[in-house]
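Written below as structure tokens is the structure these notes are about.
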């Protein structure tokens, strides 16, 4: 398959189609509108469904419907729109339904702005909806990963029967890069629990999150957390960059990781041994590698496009063994390589 | 090259219109006293001619763009100076049109002035590495949609086929074959093949126009 030049948002849409998704429900919002625009052009040509819903709430509940029937479905939005979807996301989790939710983040809170941000980290990884649940959260850092992780998200969602989220930001959605698209796969669902009609040959399947007996609901929660434990054990993904001999470890995901790599190159030119851990799964968080790295570095720098959200998971992971500082810009601004470099120089000089 | 008073760059979104428009404006400035570049993109929130504001200013090129470009305001608004771009004939003008037919709608209200003056080149920018315009027939469909929305007929084609940093001479050559086919379909001439400056000498084509690419902060060294 030859490479093509794609916007991050288009790569998500095309990869989803190639992963067998034939149902997209959305509502336009900058900076993710190209996902819907691309779907609106492609879906009618391949017998799929593109539907611009009357609202984000409506769109996520359409996903709930298709997922109950066992097919691959997705919705996408940007921060304020994803807030609206939270009720539906909690319901998807409570019904153990696989589905993909894409958040191409913009500045917040409230309507915020249309420029990039990573300030929905808490919402994505700690559950923006109610109840005890997790989403599998994947954080792409290139247009290639926008495509690859979209496929991965569908696969993981099916494997564990839970919703997955692709957490990108406006820059990732808008930037253009060459990408090798995954081979198209015909999707054949193997899901005995779906509501597709009994044909009088089996008992009714029920997809529901309401439990009238508290003991049963407790049991359901316990089972779900066993499943989460297995995701945490088996599905952690991260990239290590120049961490072998690093004295200072930058932790960053998405666009912040790309800027950080440039800063690390500059720091190394000045003789400062800096490295990077880039979480690819934000949940499950790569706590193990951070705990291990804590023994050999002076400290960590969390580079984020937020007031400091992931930094809490870093501190929990390294159990406060070493100092963790924050280098961040917010409101649609992106830390420059120079700002990250300065944070590295500061930590090298012993300032925490 | 025969320079018209107004040069418009339109095409599928992500085909490279903005980069080309900036290069074109800088070249025009070497030949003519007053050059203005206008960003008519009301669709795309990021990566605009405003990103090249410092460069354009250094070359003494006037710029007109939405005061909201690259801001947090998501309004499809254009400033009133935009009329000056088409009405004031003392300046050479470069117009960067938004992608696809949706982007070209903004051109509609300026089209009558441009058509009346009749000193324009309306250039279709084609990148055949883009997934929805990988062949001449698909590009032709986009071309017709844009003309319908913008109200100005295309007068020429530019082959801007590239794969960003992975572009090799063959990329451009393959694109030029598809551009030839688009030329046959549309009856329009191929004006030139635009190629990133360091590659331009390696491309064995008659009409190569070397361009500089605006580097972005997230690109790795």
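Protein chains in written order, with this note's numbering: chain A, -19 to 332; chain B, 8 to 228. Think of the CB as a built atom: it goes at the ideal place given N, C-alpha and C, for glycine as much as any other residue.
C-beta contact flag for residue i and residue j at 8 Å
i	j	result
residue 218/A	residue 257/A	yes
residue 3/A	residue 46/A	yes
residue 15/A	residue 82/A	yes
residue 154/B	residue 11/B	no
residue 277/A	residue 320/A	no
residue 41/A	residue 153/A	no
residue 84/A	residue 148/A	yes
residue 120/B	residue 189/B	no
residue 143/A	residue 118/A	no
residue 98/B	residue 41/B	yes
residue 139/B	residue 19/B	yes
residue 103/B	residue 152/B	no
residue 130/A	residue 26/A	no
residue 59/A	residue 6/A	no
residue 260/A	residue 314/A	no
residue 32/B	residue 63/B	yes
residue 228/A	residue 253/A	yes
residue 169/B	residue 178/B	yes
residue 51/B	residue 91/B	no
residue 329/A	residue 305/A	no
residue 174/A	residue 311/A	no
residue 132/B	residue 16/B	yes
residue 157/A	residue 123/A	yes
residue 56/B	residue 73/B	no
residue 286/A	residue 101/A	yes
residue -15/A	residue 134/B	yes
Enclosing alpha helix (DSSP H) for residue i [first to last residue]
i	result
residue 158/A	Segment 156 to 159 is the beta strand (DSSP E) holding residue 158/A; no alpha helix (DSSP H) there.
residue 327/A	317 to 328
residue 103/A	101 to 105
residue 62/B	60 to 65
residue -3/A	-12 to -2
Residue i to residue j span [Cα, whole Å]
i	j	result
residue 89/A	residue 309/A	14 Å
residue 216/B	residue 130/B	14 Å
residue 35/B	residue -1/A	47 Å
residue 52/A	residue 10/A	24 Å
residue 48/B	residue 79/B	15 Å
residue 100/B	residue 159/B	16 Å
residue 13/B	residue 223/A	54 Å
residue 322/A	residue 293/A	23 Å
residue 81/B	residue 43/A	28 Å
residue 168/A	residue 78/A	14 Å
residue 56/A	residue -4/A	11 Å
residue 222/B	residue 289/A	30 Å
residue 32/A	residue 120/A	25 Å
residue 110/A	residue 18/A	32 Å
residue 64/A	residue 181/B	46 Å
residue 87/A	residue 76/B	16 Å
residue 264/A	residue 204/A	15 Å
residue 135/A	residue 87/B	51 Å
Counted within 10 angstroms of its Cβ, other Cβ atoms place residue i as buried (16 or more) or exposed
i	result
residue 214/A	exposed
residue 172/B	exposed
residue 228/B	Its pLDDT being 49, under 50, residue 228/B is placed unreliably by the model, and nothing is read from it.
residue 138/A	buried
residue 232/A	buried
residue 196/A	exposed
residue 27/B	buried
residue 94/B	exposed
residue 186/A	exposed
residue 181/A	exposed
residue 185/B	buried
residue -18/A	exposed
residue 296/A	exposed
residue 349/A	Because chain A here runs from -19 to 332, residue 349/A falls outside it and cannot be looked at.
Start-to-end residues for the beta strand (DSSP E) that takes in residue i
i	result
residue 129/B	127 to 133
residue 200/B	197 to 203
residue 217/B	215 to 218
residue 4/A	3 to 6
residue 83/A	79 to 85
residue 18/B	13 to 18
residue 46/B	42 to 46
field: Those runs of the beta strand (DSSP E) which lie wholly inside the region 122 to 165 of chain A and span at least 3 residues
entry: Listed in chain order, they are 143 to 149 and 156 to 159.
- prompt: Quick one: complete alpha helix (DSSP H) runs, 4+ long, within the region 41 to 74 of chain A?
  reply: Complete alpha helix (DSSP H) runs here, min 4: 59 to 64 and 66 to 74.
Runs of alpha helix (DSSP H) lying entirely within the region 159 to 227 of chain A, each at least 4 residues, in chain order: Runs found: 194 to 214.
field: Every unbroken alpha helix (DSSP H) within the region 226 to 302 of chain A, with a cutoff of 4 residues, ordered by chain
entry: With a minimum length of 4 residues, the continuous alpha helix (DSSP H) runs that stay inside the region 226 to 302 of chain A are 234 to 249, 267 to 274 and 290 to 298.
- prompt: What are the complete alpha helix (DSSP H) segments, minimum 4 residues, inside the region 92 to 165 of chain B?
  reply: At a cut-off of 4 residues, the continuous stretches assigned as alpha helix (DSSP H) that sit fully inside the region 92 to 165 of chain B are 107 to 111, 118 to 124 and 143 to 157.
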